[in-house]
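Written out below as structure tokens is the structure these notes cover.
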Amino acid sequence: MEQNVTLRIDKHTVRVPAGTTVLDAARSVGIDIPTLCHIDLKELCIRSAPASCRVCVVEIEGFKKLMPACVTKCTEGMTVRTSTVRVLNARRTVVELILSDHANECLVCPKSGSCDLQSLAVRVNVRRIPYAGGAFSAQKHEMSPSIVRDMNKCVYCRRCETMCNEIQTVGALAAVNRGFESTVAPEGGRNLSDSECTYCGQCVAVCPVGALTEADHTERLLADLADPHKTVIVQTAPAVRAALGEEFGFEPGTSVTGRMAAALRQLGFAKVFDTDFAADLTVVEESAELLDRLVRFLGGDRSVCLPILTSCCPAWVNFFEHQFPDLPGFPSTARSPQQMFGSVAKNLWARQEGIRREELVVVSVMPCLAKKYECMRPEFGLGGDPDVNYSLTTRELARLIRRANIDFVRLPDEEFDAPLGASTGAGVIFGASGGVMEAALRTAYELRTGRELQRVEFETVRGLEGLKRATVDLDGFRLKIGVAHGLGNARRLLEEIRSGRSEYHAIEIMACPGGCIGGGGQPFHHGRGEVLRARMEALYREDRAKAVRKSHRNPSVVRLYGEWLGKPLSERARRLLHTRYFNRSE
Amino acid sequence: MQILVCSGTGCNASSSRTIVERLREALRAAGLERDVEAIATGCFGFCEKGPVVKIIPDNTFYVQVAPEDAAEIVAEHIVGSRRVERLLYRDPKDGRRVSDSKHMDFYKKQLRVALRNCGFIDPENIDEYIARDGYAALARCLTERTPDDVIGEIERSGLRGRGGGGFPTGLKWKLTSRSRAGRKYVVCNADEGDPGAFMDRSIMEGDPHSIIEAMEICGYGIGADVGLVYIRAEYPLAVRRLRTAIAQAEACGLLGERVFGTEFSFRIEIRYGAGAFVCGEETALIRSMEGRRGEPTMKPPFPAEAGYLECPTNVNNVETLASVPVIITRGAEWFASIGTERSKGTKVFALAGKINNVGLIEVPMGTTLREVIYEIGGGIKNGKRFKAVQTGGPSGGCLTEKHLDTPIDFDNLVAAGSMMGSGGMIVMDEDDCMVAVAKFYLDFIVEESCGKCTPCRVGNKRLSEILEKITAGKASMDDLEQLRILSGVIKDTALCGLGQTSPNPVISTLEHFYDEYVAHVADKCCPAKRCKPLLTYYINPEICVGCTVCSRNCPADAVVGERKKPHVINPALCVRCGTCIEKCRFKAIGVK
């Protein structure tokens, strides 16, 4: 039973359900109270509201002190004033205080232009910082393989702490020290790279300032592109095309696949390939592995580990290796699409093209920060030469495009190059939570039943719900599947497996909210959860527009097996396309 | 006959344990061990003159007793029925010895309700507590009263929270009782954090059973069966006595399953705090008990709705709880007859600073500051002039001469720009610089802020930096304006009570001692002569005989001059250490 309450906010009379915050009530009538620490991605159940920055304070009749709009609940008859002189001055003083303990290096900050504090300072009319004083002295700077921490810029909103602990349940970041020395850091003075950090990058995705940013590889890429002795090729992950446009003013959810291919070509890549191709390859290998385990299981082999867990998300793999190393047999051994691509490109395509391995540079553009770490793993390379040399985020690509004077909006659409640019609709939907599972089902169904799947869309595994479950009829066998996005949701499914109570045969796990579309390397959503939904829809639109929508029908994939790999799970496929896992719990 | 020996932490540190042992030895030697008991009690409050020994029934009050005095007390007083004159308290007014504590100024105006048993009973012996009506209130509640009656009694008594905020205790109980939940908690806030305040410690050390009894009464009232005591780990004696008391109460069936054979069951657990000041704030305390970082959360929701483990939780301070059993036994009307209109009962204060009688006192609400400072406290040390009294702990405010006749209660203190806090009272004299005092308290807050909200984390640091500039003579009048604005914003926007009150020392000194600030800023001088960078040492050439002692002793070679001729101090080199003044036999050196 939900009651409504009526209150007054400035000149508006507002009627909202009881329990609504003053902040939301005000927004519903077009009063946008500024915030800094608060974040609420409603549909994704991601919320951090410590009410600690005190930027959103308002006057409420009956309260002696100013109240934070972000957590104060509306009550019947309440009178709220959001822009009195008292409020505006207090708010500016609070922002001045934050700035007095901030590096204020806007001109050279990677976050400049998309920094919430910067726009806040403009908005509250800060014209000087009247408080000169000391800065806190805790450990301040770290470059990990994926994430750069610069605590000189931290405003102690602790969104990162909420993401890392409550949403992702990773526990790598925590508030340390007291008072003015308070900061967020891995406990015990460790570095992120020595902690349980999975490099999911969700801390970076929510950081309002430049305290947490991605490790930048754009300079390295520019140098490689300029090197005449190197052949530089690129692969782009499915989620990138659904978000890159936001950096150039397109509405969220605008697919910019063709423009992106054109831009990459202008940047000077020798070949513009697509990770979607490798996603198709992953689906074929993983479906084969699923069916192999199922057949053995149904044949009475109780040593088979079920459910099989997808393995394309590198942050999820890190999480698994740190937190669940006692379940080694469960994840699929299939490499992630990024790494399958790198392996195929460096070991097979280069040979075919007559390019020497050491002269070939494989670059990936990913929505992801963990991919930066993944391609550095020693098992993914040959004699110290990585299969994928390095990985850039969507944001870094946008920066490069701007820097190279490319007018992205006016670019014509172009196609990916053959053969590693060919993909199906199944590869595209990898970027959304549930997509890998749906793609695998399209293939597994046909391989298992030998019949053509007419209805390729599995609606039950789509959407932004944290845990999704479905049962699929595979010729009489009822396949139970689970889909989790966000590592906290994944943990619940993993705990079930650990305690032997899991009912599933196959589980898809993605570390980021909404899947790769919500990755830590994507354009900042600035707390607008609806952006993720729009990106998700863009991928499903792209899938519908594809002529081929099943991975095992990808002509390039078919040819690859015909010419090089034989069949899925062949000895050669295992060597080039599969991996193993390590216990990192100690 | 009984010999009571104060065994609070203060007197313990002055070997009161040994005094008890020596007394017992002497009694044995005299063959009196059956007739006369030597008892280690809780704190008497008169810490200035500890260790304190009191003889019952004649109330003879011996002060500053040493272990060597034990034999004499037994031989003279107990055996010979002659008072040991030299150990009696000497009234500073007329120099006469006072034998009976009732006639001492320190005790005359006191009314001990929360401290009623401290200094009278052996806190490690439940029988002594029971002998003084202990657990009678609980028995009455469980057998004759409904939970609503109990809450009503506390409401009518007008008891307000003694931990700082002054929230009506009965109302708090009522709100918690109305929250429907499977489990509720009673929490005793024993995280006493104000510097110099030790009333909670004294109560737990001197009368632990009163806390147990009160928590049970509260549990019965609100419908809780678990009590948690959140206590500083730095209070080992209090912890030990509380543990002993819990074990004794359980053994006697006064705590645990089916208390007094009724349906009511209650257990008490102890949780340790690690000494963070902010954990005295109830929401921070709850988070700390949950094993999380001790920092406050926004209210509402109040603990009464969602507290420990999200269950309805009633948090009361030690002193508040100590008043509960006696309210039940003597009645709400009796309690409400004491005090002022809106602040009922008594309040314990910890007197400290430039006052003659440092110690713990309890007076009816409405007693004036003058009575407390000049009568109970014995006035200012060394005959100096009273300047200010700081009440309410580090985030209280400074009150001045004009407030001396203000009756002390919750509302008057707030109206005067300070607060009750937990009852710290620090007296300052003419030698104290109020800017330095404000900085001292603010630095405590800067140190103890949890860091969660911007105004407290950054704002107080900036306030402290401005004050540092002022005391260093580097501030401008703009800085004073900034100080005022920033203090106001912190008060208006900080998240918790600690942060909202943290600028009080600045605001109240700015209001009452503005001239002193201006002197620092405009005239670059510290009227109290405390702020070293603002002091100038000079030699009066008319007095100086040129003996060279000062120049030979100056560590900075700042004093120059020829033998037998007046010397001069070079202010650029002078480090203002005061050595020259100390060494000069002619009083030729001054400070301005």
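Chains S and F, in that order, are what the protein sequence lines are. For the first sequence, position 216 (counting from the first letter as 1) is numbered 216 according to this note's numbering, and the numbering increases by one without interruption. For the second sequence, position 107 (counting from the first letter as 1) is numbered 693 according to this note's numbering, and the numbering increases by one without interruption. Ideal placement from N, C-alpha and C gives every residue a C-beta, glycine not left out.
- Of all C-beta pairs linking the segment 640-660 of chain F to the segment 605-624 of chain F, three or more are shorter than 8 Å, placing the two stretches in contact.
- Taking Gly-1176(F) as the centre and dropping the five residues before and after it, the same chain places the C-beta of Tyr-1124, Asn-1126 closer than 7 Å to its C-beta, in chain order.
- Using a 10 angstroms sphere on the CB of Ile-497(S), the tally of other CB atoms reaches 16 or more, which defines it as buried.
- Taking the Cβ atoms as the reference, Leu-697(F) lies roughly 6 Å from Val-949(F), within the contact range of under 8 Å.
- Note that the segment 517-535 of chain S does not touch the segment 470-481 of chain S; fewer than 3 beta-carbon pairs, one per stretch, sit closer than 8 Å.
- Cβ-Cβ distances below 6 Å link Gly-435(S) to Ile-429 in the same chain, with the five nearest sequence neighbours on each side left out; the list follows chain order.
- Within 10 angstroms of the beta-carbon of Tyr-373(S) lie 16 or more other beta-carbons, which makes it buried.
- Phe-416(S) is positioned such that its CB atom lies closer than 7 Å to that of Val-272(S).
- Annotation: the continuous beta strand (DSSP E) that includes Leu-360(S) extends over 360-366.
- Membership of Ile-1076(F) in the alpha helix (DSSP H) is indicated by the continuous run 1063-1079.
- Taking 3 residues as the minimum length, the beta strand (DSSP E) runs contained wholly in the segment 228-297 of chain S are 231-236, 271-274, in order along the chain.
- A Cβ of chain F is located within less than 7 Å of the beta carbon of Ile-98(S).
- In the DSSP assignment, Val-815(F) falls within the unbroken beta strand (DSSP E) covering 812-818.
- Arg-878(F) sits in coil when the DSSP states are folded into three classes, being neither helix nor strand.
- Listed as beta-bridge partners of Val-184(S) by DSSP are Ala-175(S).
- When C-alpha distances from Leu-117(S) are compared across Cys-154(S), Pro-337(S), Leu-420(S), Ile-507(S), the shortest belongs to Cys-154(S).
- Boundaries of the alpha helix (DSSP H) around Val-1135(F): 1135-1139.
- The three-state secondary structure of Val-772(F), taken from DSSP, is strand.
- Ile-147(S): not part of any alpha helix (DSSP H); member of the beta strand (DSSP E) spanning 147-150, first to last residue.
- The Cβ atoms of Pro-523(S) and Ala-243(S) lie closer than 7 Å to each other.
- Contact residues of the segment 1026-1043 of chain F toward chain S are Ile-1031, Val-1032, Glu-1033, Glu-1034, Ser-1035, Cys-1036, Gly-1037, Lys-1038, Cys-1039, Thr-1040, Pro-1041, Cys-1042, Arg-1043 (C-beta to C-beta distance below 9 Å).
- Residue-level contact check: Arg-178(S) touches chain F, since one or more beta carbons of chain F fall below 7 Å from its beta carbon.
- In terms of Cα proximity to Arg-356(S), the closest of Met-376(S), Leu-382(S), Lys-371(S), Lys-73(S) is Leu-382(S).
- Burial is judged here by how many other beta carbons sit within 10 angstroms of a residue's own beta carbon; Ser-182(S) has at least 16 and is buried.
- Residue nearest to Met-151(S) within the set Leu-173(S), Arg-448(S), Asp-407(S) is Leu-173(S) (criterion: CA-CA distance).
- By the criterion of a C-beta distance shorter than 8 Å, Glu-359(S) is surrounded in its chain by His-229, Lys-230, Thr-231, once the five residues flanking it on both sides are discounted.
- At a C-beta separation below 7 Å, Asp-1078(F) has these neighbours in chain S: Lys-65, Leu-66, Ala-90.
- The beta carbon of Arg-535(S) sits no closer than 7 Å to any beta carbon of chain F.
- Among the residues of the segment 539-562 of chain S, none has a Cβ less than 8 Å away from any Cβ of chain F.
- In this structure Ile-740(F) touches Trp-759(F) by the C-beta definition: roughly 6 Å separates them, less than 8 Å.
- When rounded, the separation of the alpha-carbon atoms in Gly-1085(F) and Arg-620(F) is 56 Å.
- The three-state reading of DSSP puts Gly-939(F) in strand, counting E and B together.
- The C-alpha of Pro-887(F) lies about 13 Å from the C-alpha of Cys-1082(F).
- Taken in chain order, the complete beta strand (DSSP E) segments of 3 residues or longer contained in the segment 893-959 of chain F are 899-903, 932-939, 945-950.
- The residues Pro-238, Ser-423, Gly-427, Val-428, in chain order, have a CB closer than 6 Å to that of Asp-276(S) in the same chain once the five nearest residues on each side in sequence are set aside.
- Rounded to whole angstroms, Gly-809(F) and Asn-900(F) show a C-alpha spacing of 11 Å.
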